[in-house]
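*Asks:* Be aware that the sequence shown starts at 72, since it is given in our numbering, and climbs by one per residue.
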Amino acid sequence: MLSRKIAHQNQVICVEDLAVKNLVKNPNLAKAISDQGWGIFLTMLKYKAERFGHTYQEIGRFFPSSQLCSETLLPIPILQKGYDSLGVRLVDCPHCLHRHDRDINGAKNIKNEGLRVLALGTSASTLGGEVRPKS
Ligand SMILES: [Zn+2]
72 MLSRKIAHQN QVICVEDLAV KNLVKNPNLA KAISDQGWGI FLTMLKYKAE RFGHTYQEIG
132 RFFPSSQLCS ETLLPIPILQ KGYDSLGVRL VDCPHCLHRH DRDINGAKNI KNEGLRVLAL
192 GTSASTLGGE VRPKS
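#1: Would you identify the three-state DSSP class for Ile84, choosing helix, strand or coil?
#2: Kindly indicate the opening and closing residues of the alpha helix (DSSP H) around Leu186.
#3: Would Arg132 and Asp163 be called neighbours here (beta carbons separated by less than 8 Å)?
#4: With DSSP collapsed to three states, give me the class of Leu144.
#5: Under a Cβ-count criterion, where at least 16 other Cβ atoms within 10 Å of its own Cβ denotes burial, should His171 be classed as buried or exposed?
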C-alpha cells in the first residue's frame, strides 16, 4: 500500500492537516477527496510511520502552504493570473523569478514548516498550532 511505502522510505513525513470536512463541502473537491479517503490515509500513514520509528508531523491547516514562495517565503500575490483558482497549476513568482508548480511549491513549504516545527521541539506554530502537554 502507498501509506506503507511512504512510511517506510521516509524518516520524516510532513503533511498538511487539511480541513477535510470543509473541502468536502466544496463540490469541486468533494469527490476527489472523498474518493481518496484522505483522513483515513493520514491515519494509516501516521500509524505506519511510528511503527517504523519514523517521524510524522502534521502542519496546521491555517498554514498558507500554497500562498508562499518556497524559496523566499514571501507571499505570492494570489490574484496573479488567477492563482487562487485551483485550475491554475503554475505561477510565475515575482520574488524568486521561478515558475512554481502549485503542488510542488506547496509541498516544499509544508516540508520546511514541518522541519521548523520539529526543530523547535513543539507543535506550537506562529501560524496557530496545538500544544499538547506530554503525558
Ligand atoms: Zn518564488
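Yeah, the Cβ is synthetic: ideal placement off N, Cα and C, and Gly gets one too.
*Replies:* This is what the structure holds:
#1: Note: Ile84 maps to strand in three-state DSSP.
#2: Its alpha helix (DSSP H) spans residues Arg173 to Leu191.
#3: No. Outside cutoff.
#4: Leu144: coil per DSSP, three-state reduction.
#5: So His171 counts as buried.
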